[in-house]
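Counting in our numbering, the sequence shown runs from 5 upward without gaps.
Glycine residues also receive a C-beta, built at the ideal position from the N, C-alpha and C atoms.
The structure displayed is predicted, hence computed values, not measured ones.
Remarks on the structure that follows.
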Amino acid sequence: MKLAVIYVRVSSKEQSSEGFSIPAQKRLLEEYAQRLGLRVVRLFEDVETAKRAGRTSFDEMVRFLRQNKSCRVVLVEKTDRLYRNLRDMVTVDELGVEVHFVKESFVYSEASGSAQKLIQGIKGLLAKNYLDNLSEETSKGMLEKARQGLYPSYAPLGYVNDPATGGIVPDSDRAPIIQQLFEAYAGGKTSLSGLVRLGRQLGLRSRKGAFVPKTTMAFVVANPIYVGEFRWRGVVYRGRHAPLISRELFSQAQDVLHE
5 MKLAVIYVRV SSKEQSSEGF SIPAQKRLLE EYAQRLGLRV VRLFEDVETA KRAGRTSFDE
65 MVRFLRQNKS CRVVLVEKTD RLYRNLRDMV TVDELGVEVH FVKESFVYSE ASGSAQKLIQ
125 GIKGLLAKNY LDNLSEETSK GMLEKARQGL YPSYAPLGYV NDPATGGIVP DSDRAPIIQQ
185 LFEAYAGGKT SLSGLVRLGR QLGLRSRKGA FVPKTTMAFV VANPIYVGEF RWRGVVYRGR
245 HAPLISRELF SQAQDVLHE
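This is how it looks when you write it as structure tokens:
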């Protein structure tokens, strides 16, 4: 009985779709393994949003296959689940494994003929092109949001993302703290280190629950988003969101920061 591993991957946008979901991929590959009499010894799963190399489970799978020469079969839904770039393709190819692309009814290995290798190479390039195009479209969409005055990324401290509008709105818990920090700093009697201590006293934490460090505090007091503007790719846009402080207070804080 051949030993095999299963690799499944989904992007954050695909998780809610049954056709792409992790459970759907698992069912497909486990049923396929059962039909072929393959013994699945490990399952590797990645949920991602970016196209850059560095998928945790993909890298873990590569290490496992390098260390376990008795396992030479990889089961995956289709080409673009396994490869995101040419580097991934070369990495898998160097393992000398047999890759089953189940939905494409295609098996690729060192024994594959030159025509099959050519086809697989083309599929890998198409997968990379799809991801490049997806990245471009996402980038265009974010730029258009910025032009419309909607902050196109994760909300900074003091704000939260609003799914209803696609923009940001004041955070009822953190916004009052941000206002107090600006007032304290603009007076010129509190340093950035003092703001860090004051932030802790007031209970200011990041989205992940950590206390705010000095570097982040410096970014906060210099960020024009709190007066209703934001920078995106080197351009300042007038935002639709409600400002947390006055322009006068922000200007005073910048004078202190520059000094």
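{"Check": "Cα-Cα separation between T83 and S210, rounded to whole angstroms", "Outcome": "38 Å"}
{"Check": "Beta-carbon proximity check, G100 vs R244, cutoff 8 Å", "Outcome": "no"}
{"Check": "Endpoints, the beta strand (DSSP E) within which F105 is located", "Outcome": "102 to 105"}
{"Check": "Where D175 falls, given that 16 or more other Cβ within 10 Å makes a residue buried", "Outcome": "buried"}
{"Check": "Rounded Cβ spacing between V45 and L86 (contact assumed at less than 8 Å)", "Outcome": "Rounded, the Cβ-Cβ distance is 18 Å, inconsistent with contact."}
{"Check": "CA-to-CA distance, G213 to S195, given in whole angstroms", "Outcome": "23 Å"}
{"Check": "Euclidean distance between Cα positions of V9 and S157", "Outcome": "36 Å"}
{"Check": "Given M93 as reference, the closest of F68, I182, D63 once Cα atoms are compared", "Outcome": "D63"}
{"Check": "Burial state of A159 (16 or more Cβ within 10 Å)", "Outcome": "buried"}
{"Check": "Whole-angstrom distance between S197 and S15, CA atom to CA atom", "Outcome": "39 Å"}
{"Check": "C-beta atoms of P241 and E233 nearer than 8 Å", "Outcome": "For the sequence presented, residue 241 should be read as Tyr rather than Pro. Yes. Within cutoff."}
{"Check": "Cα-Cα separation, D177 to V164", "Outcome": "10 Å"}
{"Check": "Nearest-angstrom Cα separation, counted from H104 out to S113", "Outcome": "9 Å"}
{"Check": "Closest Cα partner of G170 within the set A150, I182, L185", "Outcome": "A150"}
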